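One structure below.
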Amino acid sequence: MPPAAVRELLCTVDRLAHCVGSLRSSGFGEPPELTRLADDVERLRLHVRALVGEPADTVSARPPAGERATIPVSDTPYDAKLWHGADDEGVGGHGPQVSPAPGHAGR
Numbered sequence: 000m001p002p003a004a005v006r007e008l009l010c011t012v013d014r015l016a017h018c019v020g021s022l023r024s025s026g027f028g029e030p031p032e033l034t035r036l037a038d039d040v041e042r043l044r045l046h047v048r049a050l051v052g053e054p055a056d057t058v059s060a061r062p063p064a065g066e067r068a069t070i071p072v073s074d075t076p077y078d079a080k081l082w083h084g085a086d087d088e089g090v091g092g093h094g095p096q097v098s099p100a101p102g103h104a105g106r
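Each step along the sequence shown adds one to the number in numbering that gives the first Met the number 0, with nothing skipped, and position 74 is 73.
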């Protein structure tokens, strides 16, 4: 059983994690600053547990119960210029077929 000061510190870190989760769900969304803050809180939790000798394999890197990790994915299309002149590797090209130069055999 960890000392009282360590238990209090773990409770404080848990409350901080809860506050960060509340910020996420209260309209702040997922800005990089909030994501870094959540990562820092989890790192604090890991360090406090390591301080009392808790084995690394029992320490969870998951968000606290009730919180869900979300990964924002943009649904805006890629700029078509990004793919200009590229072939679909492995399925054959869809662009104009270029004949080999005279004197060179195709593959």
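The beta-carbon is built from N, C-alpha and C at its ideal position, and this holds for glycine as well.
Just so it is clear, the structure is predicted and the values come from calculations on it, not from any experiment.
Under a three-way DSSP split, which group does residue i fall into?
i	result
H17	helix
T69	coil
G26	helix
V40	helix
H46	helix
V58	In this prediction, V58 has a pLDDT of 48, which is less than 50 and means its spatial position is unreliable; nothing more can be read from the coordinates.
E53	coil
T11	helix
T34	helix
A85	coil
When the distance is taken between beta carbons, is residue j closer than 8 Å to residue i?
i	j	result
V51	V19	no
R127	L9	The structure shown has nothing for residue 127, since the chain only spans 0 to 106.
Judging by CA-CA distance, which residue of the options is the nearest neighbour of residue i?
i	options	result
D38	V12, H83 and A49	V12
T69	R6, S25 and E29	E29
P1	V47, R42 and W82	V47
L36	G26, A16 and A49	A16
V112	K80, W82, T75 and R44	Past the edges of the chain, shown from 0 to 106, lies residue 112, and the structure says nothing about it.
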